[in-house]
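So the sequence lines, in the order shown, correspond to chains A and B.
Just so you know, this note's numbering puts 5 at position 5 of the first sequence, and the rest follows in order with no gaps.
Positions in the second sequence are counted from 1; adding 133 to them yields this note's numbering.
Glycine included, every Cβ here is placed at the ideal spot set by N, Cα and C.
2 protein chains.
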Amino acid sequence: MIQKVSHIGIAVKSIEEASRLYTQVLGLKIAGIETVPDQKVKIAVIPVGEVRIELLEPTDPEGPVGKHIASRGEGLHHIALQVDDIRAELAHLQHNDVPLVDKAPRVGGGQALIAFLHPKATKALVELTQPAP
Amino acid sequence: MIQKVSHIGIAVKSIEEASRLYTQVLGLKIAGIETVPDQKVKIAVIPVGEVRIELLEPTDPEGPVGKHIASRGEGLHHIALQVDDIRAELAHLQHNDVPLVDKAPRVGGGQALIAFLHPKATKALVELTQPAP
């Protein structure tokens, strides 16, 4: 079951530059910065209510966020929906012939289990995420 | 002050087609559909926790969402941050030389007051919104 929007990922060239507006002007705070080697990305987490804005800075131009910036520039990259049971959700999606990027969950930021749906059906890049227990 | 993420706008060619996955497969519900003539868009509102996913279908290819789809395809269009006092927020942003699309608020969906920031500073298209009282 979908519980809430977990986060909104924004692809940026530089966390240092992009975060200035969100923190110094809009008054939000960076809760932490972490690197996810599997996604070739450094993530600055900015909580806003029950959601997090995540600024995604590529650590490698060949990673998914690096390629996104090269082809489409900086901007909204994906949204993540928090689920209680990601394996059950992926099985349900496959049963309904929904195209998936990840048929099995991987480990993402904060040790959450994550899987991306294919934007063909969702129209936007949508990630499912099940927080670490 | 920023209170929460109000909504995430996804540009789609057809609400009917795009909503199928969100409702029939993911189990979310459309709370309402409304047309905003000023934005040349029809909006399907899908609540998820304290946030709304808004599917944005152009009513005119020359409107902002129609142009977005023509140049970049369907996909994430903007995020909206809910504030308690949009005029004070816009004055604060202008005082800090943040580039704005709208220097004064306009009336958006649900009679909210809305204003867009320029993506140059925010990296993504960000709307401020103050709900109708």
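- The contact set of residue 50 of chain A on chain B, defined by CB atoms closer than 9 Å, consists of 137, 138, 182, 183, 184 in chain order.
- Our two residues, residue 54 of chain A and residue 77 of chain A, have alpha carbons roughly 10 Å apart in a direct line.
- DSSP places residue 28 of chain A outside both helix and strand once states are collapsed to three, so it counts as coil.
- Runs of alpha helix (DSSP H) with 4 or more residues, each lying fully within the region 32 to 72 of chain A, are found at 64 to 72, listed in chain order.
- In this structure residue 56 of chain A does not touch residue 128 of chain A by the C-beta definition: roughly 17 Å separates them, more than the 8 Å allowed.
- In the three-state reduction of the DSSP assignment, residue 21 of chain A falls in the helix class.
- Contact residues of the region 111 to 126 of chain A toward chain B are 119, 121, 122, 123, 124, 125 (C-beta to C-beta distance below 8 Å).
- Boundaries of the alpha helix (DSSP H) harbouring residue 222 of chain B: 219 to 228, taken from the DSSP string.
- Boundaries of the alpha helix (DSSP H) harbouring residue 121 of chain A: 119 to 122, taken from the DSSP string.
- Contacts with chain A (Cβ-Cβ distance below 7 Å) from the region 149 to 178 of chain B involve 151, 154, 158, 159, 160, 161, listed in chain order.
- Residue pairing by DSSP places residue 107 of chain A opposite A/113 in a beta bridge.
- For residue 101 of chain A, not one C-beta of chain B is nearer than 8 Å to its own C-beta.
- No Cβ-Cβ contact shorter than 8 Å links residue 86 of chain A with residue 159 of chain B.
- Contact between the region 108 to 115 of chain A and the region 153 to 173 of chain B is absent: fewer than 3 CB-CB pairs across the two stretches fall below 8 Å.
- Contact between the region 64 to 79 of chain A and the region 87 to 98 of chain A is absent: fewer than three C-beta pairs spanning the two stretches fall below 8 Å.
- The secondary-structure analysis by DSSP pairs residue 213 of chain B across a beta bridge with B/140, B/260.
- If you ignore the 5 residues before and after residue 147 of chain B, its C-beta comes within less than 7 Å of the C-beta of 190, all in its own chain and listed in chain order.
- As computed with DSSP, residue 135 of chain B is found in a beta bridge with B/216.
- Counting only residues of its own chain and dropping the five nearest sequence neighbours on each side, residue 61 of chain A has a CB closer than 7 Å to the CB of 70.
- Using a Cβ-Cβ cut-off of 8 Å, residue 54 of chain A does not count as an interface residue toward chain B, since no Cβ of chain B sits closer than that to its own.
- In this structure, residue 233 of chain B places its C-beta atom within 8 Å of the C-beta atom of residue 248 of chain B.
- Within chain B, the residues whose beta carbon sits less than 8 Å from that of residue 12 of chain A are 256, listed in sequence order.
- The straight-line gap separating the alpha-carbon atoms of residue 177 of chain B and residue 10 of chain A is approximately 23 Å.
- Looking at A/48, A/19, A/52, A/36, the one whose alpha-carbon comes closest to that of residue 65 of chain A is A/36.
- When 9 Å is used as the limit between beta carbons, residue 63 of chain A is near no residue of chain B, the shortest such separation being about 18 Å.
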